[in-house]
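Numbering (my numbering), first residue to last: 461 to 786. Beta carbons: idealized from backbone N, C-alpha and C, even for Gly. None of the values given here were measured: they were computed from a predicted structure. Here is the structure we will look at, set down as structure tokens.
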């Protein structure tokens with residue numbers, strides 16, 4: 461499956477829920493949001509059908525996202541069913557880590573290969589300030605559990621903010637000296653314009669890099685597809701790696717290989733593009749798999765050449781991040 465610009469589409473991000481057990485200030489209001497109704501959300505059987513169709517079209521990696529995917533009942537069994545598809549796609553998951561400690565062993569046994577954990581601070585009081593919830597110790601326990609069962613490399617996704625956690629860049633990077641983890645710094649993306657954080661609050665990735673150079677010379681590592689859009693480096697003597705993702709100041713659109721299927725059955729070719737293709741209707745009206753595959757191909761072909769974040773005609777996405785799939 462290719463888009464109109466010749467990019468090979470091999471990566472599916474599959475959101476299983478828009479619900480979350482945190483209330484991060486840049487993602488969701490304190491009061492939460494009106495959850496999708498039971499009928500609005502795709503059933504696991506429907507999601508499995510979408511995943512199977514996508515794999516027949518060339519998808520080789522599926523990332524399960526949310527909201528927070530681990531809050532949905534039956535997630536371990538669903539991971540196992542995805543891993544059991546004939547094409548044997550790699551199954552990964554993005555989580556906030558709150559529930560990971562209790563599920564890591566089961567998830568690994570079901571076929572989950574790796575996890576990305578979203579964590580923006582290592583300080584309990586800041587964690588509560590940002591997420592409006594407690595639980596940093598649970599997240600850290602989840603990271604340890606994932607490492608213990610062999611979900612390597614652990615990937616920590618950190619969004620740096622100039623006036624919030626800029627003084628923790630070095631602390632996060634230092635984790636790679638003792639652990640075989642990937643700590644990835646991702647520029648803040650303006651998804652939810654009506655919330656507390658805006659583009660101006662994000663820390664440019666070149667400023668993050670400047671802080672990392674206090675460790676000494678950074679070893680630039682060869683590109684690996686498993687690293688996604690990150691440019692990976694190794695600090696002197698480190699067991700793990702640090703990654704820099706310039707989502708705003710630069711872009712990685714030329715190599716974008718993904719489609720995003722949201723929990724309500726709509727698919728996007730680009731995180732920042734409001735064009736969506738409805739899959740739920742054909743999943744429920746008796747249409748055969750050929751129709752489903754044709755819609756996935758159409759969604760891939762509709763991918764824009766690149767995002768327009770820095771352009772005058774940029775429009776904030778019509779959904780917040782928890783609704784698109786992080």
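* Asked: First and last residue of the alpha helix (DSSP H) that includes residue 635?
  -> Taking the chain shown and counting its residues from 1, the one referred to as residue 635 is at position 175. Segment 629-638, the alpha helix (DSSP H) holding residue 635.
* **Extent of the continuous beta strand (DSSP E) run through residue 813** => The structure shown has nothing for residue 813, since the chain only spans 461 to 786.
* Sheet register partners of residue 473 (DSSP bridge) -> Sequence index remark: in the chain shown, residue 473 carries index 13 (1-based). Per DSSP, 523, 720.
* **Residues of its chain near residue 787, where Cβ-Cβ distance is below 6 Å and the 5 sequence neighbours each way are ignored** => Absent from the structure is residue 787, since the part of the chain shown begins at 461 and ends at 786.
* By Cβ distance below 7 Å, which residues in the same chain neighbour residue 513 in space, the five residues on each side in sequence not counted? -> Residue numbering aside, residue 513 sits at position 53 when the chain shown is read from its first letter. 749, 752, 753, 756, listed in sequence order.
* To do: Identify the continuous alpha helix (DSSP H) that holds residue 704 and give its terminal residues.
  => Taking the chain shown and counting its residues from 1, the one referred to as residue 704 is at position 244. Counting along the chain, residue 704 falls outside any alpha helix (DSSP H), though it belongs to the beta strand (DSSP E) covering 701-705.
* To do: Determine which residues share a DSSP beta bridge with residue 468 and list them.
  => Position 8 of the chain shown holds residue 468. Bridge pairing for residue 468: 462 [DSSP].
* To do: Using three-state DSSP, classify residue 646 as helix, strand or coil.
  => For the purposes of this step, residue 646 is taken as the residue at position 186 of the chain shown. Residue 646: strand per DSSP, three-state reduction.
* Asked: Between the Cα of residue 703 and the Cα atoms of 710, 661, 694, which residue gives the shortest distance?
  -> Indexing the chain shown from 1 puts residue 703 at position 243. Taking only the C-alpha atoms, the option nearest residue 703 is 694.
* With contact counted as at least three CB pairs below 8 Å, one residue from each stretch, are the segment 542-554 and the segment 595-606 in contact? -> Between the segment 542-554 and the segment 595-606, the count of Cβ pairs shorter than 8 Å is below three; the stretches do not touch.
* To do: Decide yes or no for the touch test of the segment 615-626 against the segment 579-594: beta carbon pairs closer than 8 Å, at least 3 of them.
  => With a cut-off of 8 Å, the segment 579-594 and the segment 615-626 count as touching, because enough Cβ pairs lie within range.
* With C-beta atoms as the reference, is residue 690 less than 9 Å away from residue 719? -> To locate residue 690, count along the chain shown from 1; it is residue 230. To locate residue 719, count along the chain shown from 1; it is residue 259. Contact flag unset, no.
* **residue 557 beta carbon less than 9 Å from that of residue 535** => Here residue 535 refers to the residue found at position 75 of the chain shown. Here residue 557 refers to the residue found at position 97 of the chain shown. Contact flag unset, no.
* Straight-line CA distance for residue 714 to residue 732? -> Position 254 of the chain shown, counting from 1, holds the residue named residue 714. Position 272 of the chain shown, counting from 1, holds the residue named residue 732. Cα-Cα distance, rounded: 15 Å.
* State whether the segment 528-545 contacts the segment 565-579, with contact taken as three or more CB pairs (one from each stretch) at a distance under 8 Å. => Look at the beta carbons and you see the segment 528-545 touching the segment 565-579: at least three pairs across the two are nearer than 8 Å.
* Using DSSP bridges, identify the partner residues of residue 617. => Working through the chain shown from its first residue, we reach residue 617 at position 157. DSSP lists 578, 644 as partners of residue 617.
* **Nonlocal neighbours in the same chain, by C-beta distance under 8 Å from residue 507, ignoring five residues either side** => Start at 1 with the first residue of the chain shown, and residue 507 comes out as number 47. Same-chain partners within the cutoff: 474, 476, 538, 721.
* Nonlocal neighbours in the same chain, by C-beta distance under 8 Å from residue 481, ignoring five residues either side -> What you label residue 481 is simply residue 21 of the chain shown in a count that begins at 1. For residue 481, the CB contacts under 8 Å within the same chain, skipping 5 residues up- and downstream, are 528, 531, 556, 558, 559, 593 in chain order.
* Asked: Since residue 640 and residue 710 are thought to touch, with beta carbons under 8 Å apart, how far apart are those beta carbons, to the nearest angstrom?
  -> Residue numbering aside, residue 640 sits at position 180 when the chain shown is read from its first letter. Residue numbering aside, residue 710 sits at position 250 when the chain shown is read from its first letter. Rounded to the nearest angstrom, the Cβ distance from residue 640 to residue 710 is 27 Å, too far for a contact under 8 Å.
* Neighbourhood of residue 581 by C-beta distance below 7 Å, restricted to the same chain and skipping five residues each side -> Within the chain shown, residue 581 is the residue found at index 121, counting from 1. 587, 590, 625, 628.
* **Paired residues, beta bridge with residue 727 - DSSP** => Residue 727 sits at position 267 when you count from the first residue of the chain shown. BP columns for residue 727 point to 721, 737.
* **Helix, strand or coil at residue 694 according to DSSP, with G and I counted as helix** => The sequence position of residue 694 within the chain shown is 234, counting from 1. Residue 694: strand per DSSP, three-state reduction.
* To do: Would you kindly work out how many angstroms separate the C-alpha atoms of residue 491 and residue 478, rounded to a whole number?
  => For the purposes of this step, residue 491 is taken as residue 31 along the chain shown, with counting starting at 1. For the purposes of this step, residue 478 is taken as residue 18 along the chain shown, with counting starting at 1. Going by C-alpha positions, residue 491 is about 15 Å away from residue 478.
* Excluding the five sequence neighbours on either side, which residues of its own chain have a C-beta within less than 7 Å of the C-beta of residue 631, listed in chain order? -> Start at 1 with the first residue of the chain shown, and residue 631 comes out as number 171. Excluding positions up to five away in sequence, the list reads 582.
* Asked: Between the beta-carbon of residue 647 and the beta-carbon of residue 708, is there less than 9 Å?
  -> For this step, residue 647 is matched to residue 187 along the chain shown. For this step, residue 708 is matched to residue 248 along the chain shown. The Cβ atoms of residue 647 and residue 708 lie closer than 9 Å to each other.
* Asked: Expressed to the nearest angstrom, what Euclidean distance is found between the alpha-carbon atoms of residue 611 and residue 574?
  -> As a first step, residue 611 must be located in the chain shown, where it is residue number 151. As a first step, residue 574 must be located in the chain shown, where it is residue number 114. Their backbone Cα atoms lie some 5 Å apart in a straight line.
* Helix, strand or coil at residue 554 [DSSP, three-state] -> For the purposes of this step, residue 554 is taken as the residue at position 94 of the chain shown. Shown here, residue 554 sits in a strand according to DSSP, grouped into three states.
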